[in-house]
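*Asks:*
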């Protein structure tokens, strides 16, 4: 299903996006050396409940996961890149942490992810990988707009990631959002321009470039959910929800720096 919002629905989508951005930035500020992933999950739950919103993850049970996810945020550390299930792990200096969050507020979903290094360590390779996903995300957003095609976005993202030297996995990528978290169209992180669905005003897309340092192959952790690099290398993931407008694309999950 591809869902197209009416113009009058966009403020609700913006409110959901603002909440997701606020929670992610709050969790980033709290994710210090010694912080437990289960505490991040509990803090996220509290903010979702306080806002009168609903988690998209707790009861989420797709075919690729083992049973309901059962948590409120994805916490992927180092070699984990997607669907990181919070567990009893204490963050260490230099850990590369990716936080991925989808929340429904007022009947509409927003989805976003950030990656960052915990503590004072500044491993150059990890920072470069995070930067590449952020630049790829910006390129994908710049390629989006009414009349553009999904392939234009995929090509823009893949060009940045490929030029940075990272292998690209196409099993998991961006997707449509709306009244539910995962909708069509699928937005691969690699593609050919001029192909695929033509974008229309009112379409919401979650774009999410992610990479693994030296492989495109994923393995599933014993928890049945967390996807990790097959080689044990580090990974990074950046994501925004955007709305296609008459003029271009508006980012709904930008943090408020005021």
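In the numbering used here, the protein residues as written are 65 to 322.
In this text, a Cβ means the ideal position worked out from N, Cα and C, and glycines have one as well.
1) Please list, in chain order, all residues of the same chain as residue 183 whose beta carbon is under 8 Å from its beta carbon, the five residues on each side excluded.
2) Would you mind working out which of 125, 266, 220, 292 sits nearest residue 142, comparing C-alpha positions?
3) Could you tell me which of 118, 277, 215 sits nearest to residue 169, measuring between CA atoms?
4) Go through its chain and collect everything with a Cβ distance to residue 148's Cβ below 6 Å, but skip five positions before and after it.
5) Mind checking who residue 161 pairs with in its DSSP beta bridge?
6) Tell me, please, which residues DSSP counts as bridged to residue 304.
7) Look at the Cβ atom of residue 216, then the Cβ atom of residue 266, and state whether they are nearer than 8 Å.
8) Where does the unbroken beta strand (DSSP E) through residue 249 begin, and where does it stop?
9) On the three-pair Cβ rule with 8 Å, is the segment 271-283 touching the segment 232-244?
10) Taking the beta carbon of residue 248 as the centre, do at least 16 other beta carbons fall within 10 Å, making it buried, or is it exposed?
11) Hey, residue 167 and residue 275: beta-carbon distance below 8 Å or not?
12) Nearest to residue 232 by alpha carbon, out of 73, 128, 218, 241?
13) Under the DSSP definition of a beta bridge, which residues are partnered with residue 213?
14) Could you have a look at residue 322 and say whether DSSP puts it in helix, strand or coil?
15) Going by DSSP in three states, residue 69 sits in which element: helix, strand or coil?
16) Here's a check: name, in chain order, each residue in its chain whose Cβ is nearer than 6 Å to the Cβ of residue 78, leaving out the five neighbours to either side.
17) Hey, how far is the Cα of residue 103 from the Cα of residue 211?
18) Below 8 Å on the Cβ atoms is my contact criterion, and I expect residue 80 with residue 174 to pass it. Report the Cβ-Cβ distance as a whole number of Å.
19) Rounded to the nearest angstrom, what separates residue 187 and residue 161 at their Cα positions?
*Replies:* Considering the structure as presented:
1) 96, 97, 155, 156, 157, 158, 159
2) 292
3) 118
4) 138, 139, 140, 290
5) 141, 180
6) 271
7) no
8) 247-251
9) These segments touch.
10) Flag for residue 248 reads exposed.
11) Their beta carbons are not under 8 Å apart, which means residue 167 does not touch residue 275 by this criterion.
12) The residue from 73, 128, 218, 241 with its alpha-carbon nearest to that of residue 232 is 218.
13) DSSP lists 262 as partners of residue 213.
14) Note on residue 322: pLDDT 39, under 50, position unreliable in the model; the coordinate value appears next. Residue 322 falls in the coil class under three-state DSSP.
15) Of the three classes helix, strand and coil, the one that applies to residue 69 here is coil, per DSSP.
16) Excluding five sequence positions before and after residue 78, the CB atoms of its chain that fall closer than 6 Å to its own CB belong to 316, given in chain order.
17) Whole-angstrom Cα-Cα distance: 44 Å.
18) 4 Å
19) 13 Å
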